[in-house]
Structure formats: C-alpha cells, structure tokens
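Engineer: Shown below is the structure under consideration.
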Amino acid sequence: MKKGDVGLILALLLAGVLLFIPGLRRGGAARVTVYARGEPVYTCPLAGTHSYTWTDGEDFVRVEVGDGCVRVADASCPDRDCVRRGAQSRAGASIICLPNRVSVVLSGGASADDLDALLH
Amino acid sequence: MKRIARAALLTAVGLLLAWLEQLLIPPIAVPGVKLGLANLATLLALYALSPWEALAVSVSRVLLSGFLFGSLASLVYALCGALLSLLGMVLLKRLPAFSIVGVSAAGGCLHNAAQLAVAALMVAGSGITVYLPVLMIAGTLTGTVNGLVARLVLDRIGDRNGFPKARR
Chain Z
38 MKKGDVGLIL
48 ALLLAGVLLF
58 IPGLRRGGAA
68 RVTVYARGEP
78 VYTCPLAGTH
88 SYTWTDGEDF
98 VRVEVGDGCV
108 RVADASCPDR
118 DCVRRGAQSR
128 AGASIICLPN
138 RVSVVLSGGA
148 SADDLDALLH
Chain A
36 MKRIARAALL
46 TAVGLLLAWL
56 EQLLIPPIAV
66 PGVKLGLANL
76 ATLLALYALS
86 PWEALAVSVS
96 RVLLSGFLFG
106 SLASLVYALC
116 GALLSLLGMV
126 LLKRLPAFSI
136 VGVSAAGGCL
146 HNAAQLAVAA
156 LMVAGSGITV
166 YLPVLMIAGT
176 LTGTVNGLVA
186 RLVLDRIGDR
196 NGFPKARR
C-alpha cells in the first residue's frame with residue numbers, strides 16, 4: 038500500500054460522509070407519490086389508509102399507506118428489495134423497485150389540503 | 036488459447052463471488068447495494084493480464100450474473116457501473132502514486148456511483164440519489180479489501196499457473 042492509496046481512500050470516504058450530511062435534516066412527511074417509469078402515477082396524503090397497485094402486464098407493485106407510514110406490500114421483482122425496505126415515514130425517504138422502475142417518494146408536508154388522490 | 040483460458044477462469048471466479056455475495060443478502064435493503072466482491076476477478080485480470088482481458092472478464096461476468104441472478108433492467112445499470120469502474124481503474128493504474136489497493140478502492144466507489152447515476156436517470160424523480168453516500172462508502176471499503184486480497188493472491192500465484200508476476 039502506498040501513501041497515495043491512503044489519501045485516495047480517505048478522500049473517497051470523506052466525500053461519502055459529506056454527501057450524507059444534508060440528508061440528516063429531515064422532518065415528518067405528509068405526502069406519498071408513486072412514480073412509474075419517471076412519471077407520477079399516484080399521490081395521496083400520508084394520513085389515513087390508502088392502497089394502490091401499479092401493474093404493467095405481469096409486473097406489479099402494491100403500495101400501502103397506513104399508520105402514518107408507507108410501504109410496498111408486494112411486488113413482482115425477483116429480489117423484492119422494495120418489500121424488504123419496510124415502512125417509511127420521513128420526508129425525502131423513498132422506496133424503490135428498480136427492476137420495475139417504480140418508486141414511492143415521501144415529500145414534506147406544507148399544504149396537505151390539496152389533492153386527496155390522483156390516478157393516471 | 037491460453038489467454039482465453041485465463042480470462043475464462045477469472046470470469047468463473049467472478050461469477051462465483053457474485054453468487055456468494057447474493058447469499059449474504061444485503062442487510063440494508065437498498066436497491067443495488069452490492070459489496071462488489073466480484074470485482075476482485077476484474078482486478079486480478081487488470082493487474083496480472085491486460086486491460087483488454089480485464090474488460091472481457093468484467094463484461095462476461097456482469098452479463099452472466101445478470102442472466103443468472105438479476106433482471107434485464109439491472110443488467111443495464113450493472114454494465115454501466117462495471118465499464119466506468121474499469122475505465123477509472125485503467126486510468127488510475129497509470130499513475131505511480133497509487134497501488135492496486137487504491138485503484139481497487141476507487142474502482143469500487145466508481146462502480147457503485149455510476150450504477151446509481153444510471154438508475155437515477157432511468158427512474159427519474161424518485162430521489163434515489165439519497166443512497167449515493169452509502170453506496171460510495173460501501174464501494175470504497177469493499178474495493179480496499181479487494182485490493183488487499185488481490186495483492187496477496189498475486190504475490191502467491193504470480194509466475195505460476197500461467198499468470199505472470201503482478202505489475203504493481
């Protein structure tokens with residue numbers, strides 16, 4: 038191992054840590070939005086109980102909102118990383134199903150009195 | 036003929052490592068967080084053989100493990116990550132300041148970062164980029180370990196079994 042290596046490794050790790058810090062300032066979320074293939078397809082408040090299933094042929098992702106958090110209940114992807122992600126409730130948090138290119142994003146709660154649900 | 040055999044051997048090693056990594060299912064269920072153990076094979080190819088053979092090993096391994104363990108979409112991300120990572124490693128290898136350990140650390144970091152960047156483009160608006168710090172750190176650490184292991188391996192088998200002595 039050379040001196041240059043140590044510097045490089047520390048620099049990379051430091052960059053990672055620095056990028057991490059902005060993510061710590063997160064409060065409660067108020068809105069859930071589901072994106073599929075880059076387009077928003079569903080949105081609802083984080084409050085209450087909601088359920089939405091995205092399908093495309095054989096593929097599907099089932100999103101459930103309840104008890105102040107959102108989770109992916111089931112999906113058609115092979116790994117089910119999105120299901121294992123569990124329940125999310127912080128603003129800016131997201132659950133992503135990469136094979137299906139679907140993501141569930143939580144956003145901060147300014148006005149919770151706009152749309153109640155939006156389907157495309 | 037010998038070149039094909041050597042490259043195939045390393046590809047098989049990479050595939051095995053990728054499979055092993057699958058068994059240690061990631062504790063953080065973040066999409067695409069892989070330790071990058073399989074990069075060891077690419078690294079060995081790069082230092083003991085040539086950049087072109089490293090490219091062959093890397094692409095073959097990514098394609099095969101994509102067909103065996105992953106989905107078609109994950110193939111796109113993985114290929115981009117592997118190619119950019121290899122490019123970075125080839126460039127860094129030329130600088131005398133870095134040894135195999137540093138090059139591998141950077142390669143691991145770059146692999147994850149590039150993979151995330153492509154995924155972010157394809158799943159736009161998802162805020163997937165919040166995972167960047169974790170992936171960068173994980174990639175750097177795994178890359179460091181890979182580099183250390185690779186050096187041990189090359190010190191042992193260099194000049195035998197058809198593998199030239201490592202060019203550090």
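Heads up: the sequence lines are chains Z and A, in that order. When we follow the numbering used here, the leftmost residue of the first sequence carries the number 38, and every step to the right adds one. When we follow the numbering used here, the leftmost residue of the second sequence carries the number 36, and every step to the right adds one. Every residue, glycine too, gets a C-beta built ideally from N, C-alpha and C. Please read these numbers as outputs of a predicted model, since none were measured by experiment.
Please list, in chain order, the residues of the segment 112 to 137 of chain A that have any C-beta partner in chain Z closer than 7 Å.
Structural biologist: Going along the segment 112 to 137 of chain A in chain order, one finds Ala132, Phe133, Ser134, Val136, Gly137 with a Cβ nearer than 7 Å to chain Z.
Engineer: So Thr175 of chain A and Ile46 of chain Z are in contact, right, with Cβ under 8 Å, and what is the actual spacing, rounded?
Structural biologist: Against the second sequence, residue 175 of chain A aligns to sequence position 140. Against the first sequence, residue 46 of chain Z aligns to sequence position 9. Correct: roughly 6 Å between the Cβ atoms.
Engineer: Could you tell me the alpha carbon to alpha carbon distance between Arg90 of chain Z and Ala67 of chain Z, rounded to whole angstroms?
Structural biologist: Start at 1 with the first residue of the first sequence, and residue 90 of chain Z comes out as number 53. Start at 1 with the first residue of the first sequence, and residue 67 of chain Z comes out as number 30. Looking at the sequence shown, residue 90 of chain Z is not Arg but Thr. Their backbone Cα atoms lie some 20 Å apart in a straight line.
Engineer: Short of 7 Å Cβ to Cβ, which residues in the segment 86 to 116 of chain A face chain Z?
Structural biologist: Of all residues in the segment 86 to 116 of chain A, Ser106, Ala108, Ser109 have a Cβ within less than 7 Å of some Cβ in chain Z.
Engineer: Please confirm if the segment 132 to 142 of chain A is in contact with the segment 96 to 108 of chain A, defined as three or more CB-CB distances below 8 Å between the two stretches.
Structural biologist: Cβ pair count under 8 Å is below three, so no.
Engineer: Kindly give me the distance between the Cβ atoms of Gly116 of chain A and Ala76 of chain A, rounded to whole angstroms, as I take these residues to be in contact under 8 Å.
Structural biologist: What you label residue 116 of chain A is simply residue 81 of the second sequence in a count that begins at 1. What you label residue 76 of chain A is simply residue 41 of the second sequence in a count that begins at 1. 15 Å between Cβ atoms; not a contact.
Engineer: Of all Cβ atoms in chain Z, is any one closer than 8 Å to the Cβ of Leu167 of chain A?
Structural biologist: Locating residue 167 of chain A in the second sequence gives position 132, counting from the first residue. Yes - at least one Cβ of chain Z is within 8 Å of the one on Leu167 of chain A.
Engineer: Report the residues of the segment 76 to 101 of chain Z with a CB closer than 9 Å to any CB of chain A, ordered along the chain.
Structural biologist: Cβ contacts with chain A come from Glu76, Pro77.
Engineer: At a CB distance below 7 Å, what residues from the segment 129 to 142 of chain Z approach chain B? Give them in sequence order.
Structural biologist: Reference to chain B is not applicable here, since the protein chains of this structure are Z and A.
Engineer: Figure out for me which residue from Z:Gly75, Z:Glu101, Z:Val109, Z:Ser144 has the closest Cα to the Cα of Ile132 of chain Z.
Structural biologist: Residue numbering aside, residue 132 of chain Z sits at position 95 when the first sequence is read from its first letter. Taking only the C-alpha atoms, the option nearest Ile132 of chain Z is Z:Val109.
Engineer: Do the CB positions of Ala112 of chain Z and Val120 of chain Z come within less than 8 Å of each other?
Structural biologist: For the purposes of this step, residue 112 of chain Z is taken as the residue at position 75 of the first sequence. For the purposes of this step, residue 120 of chain Z is taken as the residue at position 83 of the first sequence. Yes, the pair counts as a contact, with Cβ atoms nearer than the cut-off.
Engineer: In angstroms with no decimal places, state the Cα-to-Cα distance between Gly41 of chain Z and Arg186 of chain A.
Structural biologist: Residue numbering aside, residue 41 of chain Z sits at position 4 when the first sequence is read from its first letter. Residue numbering aside, residue 186 of chain A sits at position 151 when the second sequence is read from its first letter. Looking at the two C-alpha atoms, the distance is approximately 16 Å.
Engineer: So is Ala185 of chain A in contact with chain Z if we call contact Cβ pairs under 8 Å?
Structural biologist: Within the second sequence, the letter at position 150 stands for residue 185 of chain A. Output row for Ala185 of chain A: interface = no.
Engineer: Between the Cα of Leu56 of chain Z and the Cα atoms of A:Ile192, A:Asp190, A:Val165, A:Arg129, which residue gives the shortest distance?
Structural biologist: Taking the first sequence and counting its residues from 1, one reaches residue 56 of chain Z at position 19. The residue with the shortest Cα to Cα distance from Leu56 of chain Z is A:Val165.
Engineer: Once the 5 residues before and after Val142 of chain Z are set aside, which same chain residues still bring their CB inside 6 Å of it?
Structural biologist: For this step, residue 142 of chain Z is matched to residue 105 along the first sequence. Same-chain partners within the cutoff: Thr70, Ser131.
Engineer: Could you tell me which chain A residues have their CB closer than 8 Å to the CB of Val35 of chain Z, listed as they occur along the chain?
Structural biologist: What is shown of chain Z runs 38 to 157, which leaves residue 35 of chain Z out entirely.
Engineer: From His87 of chain Z to Leu72 of chain A, what distance separates their C-alpha atoms?
Structural biologist: On the first sequence, residue 87 of chain Z is found 50 positions in, with the first residue counted as 1. On the second sequence, residue 72 of chain A is found 37 positions in, with the first residue counted as 1. Their backbone Cα atoms lie some 40 Å apart in a straight line.
Engineer: Report the start-end ranges of each beta strand (DSSP E) in the segment 80 to 152 of chain Z that is 3 residues or longer and not cut off at the edges.
Structural biologist: Taking only runs of at least 3 residues, the beta strand (DSSP E) segments lying wholly in the segment 80 to 152 of chain Z are 87 to 93, 96 to 103, 106 to 112, 131 to 134, 139 to 145.
Engineer: In terms of alpha-carbon separation, which member of Z:Cys81, Z:Asp118, Z:Gly53, Z:Pro115 lies closest to Val107 of chain Z?
Structural biologist: As a working note, residue 107 of chain Z is residue 70 in the first sequence. Considering only alpha carbons, the answer is Z:Cys81.
Engineer: Using a 10 Å radius around the Cβ and a threshold of 16 neighbouring Cβ atoms, would you call Gly53 of chain Z buried or exposed?
Structural biologist: To locate residue 53 of chain Z, count along the first sequence from 1; it is residue 16. That one is buried.
Engineer: With distances taken from CA atoms, which of A:Leu170, A:Leu122, A:Ala154 is nearest His78 of chain A?
Structural biologist: One-based indexing of the second sequence puts residue 78 of chain A at position 43. The question names His, but residue 78 of chain A is Leu in the sequence shown. Of the listed residues, the one whose Cα sits closest to Leu78 of chain A is A:Leu122.
Engineer: Just grab the DSSP bridge partners of Pro77 of chain Z for me.
Structural biologist: Position 40 of the first sequence, counted from the start, is the residue given in the question as residue 77 of chain Z. DSSP output for Pro77 of chain Z lists Z:Tyr72 as bridge partner(s).
Engineer: Tell me whether Ala67 of chain Z sits in a helix, a strand or coil according to DSSP, three-state version.
Structural biologist: Along the first sequence, one-based indexing puts residue 67 of chain Z at 30. It is a strand residue.
Engineer: So which residues on chain Z does Ala152 of chain A lean against when the C-beta distance must stay under 8 Å?
Structural biologist: In the second sequence, the residue the question calls residue 152 of chain A occupies position 117. The premise fails here: Ala152 of chain A is roughly 13 Å from chain Z at the closest Cβ pair, so nothing lies under 8 Å.
Engineer: Straight-line CA distance for Gly85 of chain Z to Arg99 of chain Z?
Structural biologist: The residue given as residue 85 of chain Z occupies position 48 in the first sequence. The residue given as residue 99 of chain Z occupies position 62 in the first sequence. Their backbone Cα atoms lie some 17 Å apart in a straight line.
Engineer: Taking C-beta to C-beta, are Cys144 of chain A and Met171 of chain A nearer than 8 Å?
Structural biologist: Position 109 of the second sequence, counted from the first residue, corresponds to residue 144 of chain A. Position 136 of the second sequence, counted from the first residue, corresponds to residue 171 of chain A. Cβ distance < 8 Å, so Cys144 of chain A and Met171 of chain A count as in contact.
Engineer: Where Ala154 of chain A and Pro86 of chain A are concerned, what is the direct C-alpha to C-alpha distance, given to the nearest angstrom?
Structural biologist: Counted from its first residue, the second sequence places residue 154 of chain A at position 119. Counted from its first residue, the second sequence places residue 86 of chain A at position 51. Going by the C-alpha atoms only, they are around 26 Å apart.
Engineer: Determine the contact status of Ser144 of chain Z and Ala128 of chain Z, defining contact as a CB-CB distance below 8 Å.
Structural biologist: Residue mapping note: residue 144 of chain Z aligns to position 107 of the first sequence, counting from 1. Residue mapping note: residue 128 of chain Z aligns to position 91 of the first sequence, counting from 1. A contact, by the Cβ cut-off of 8 Å.
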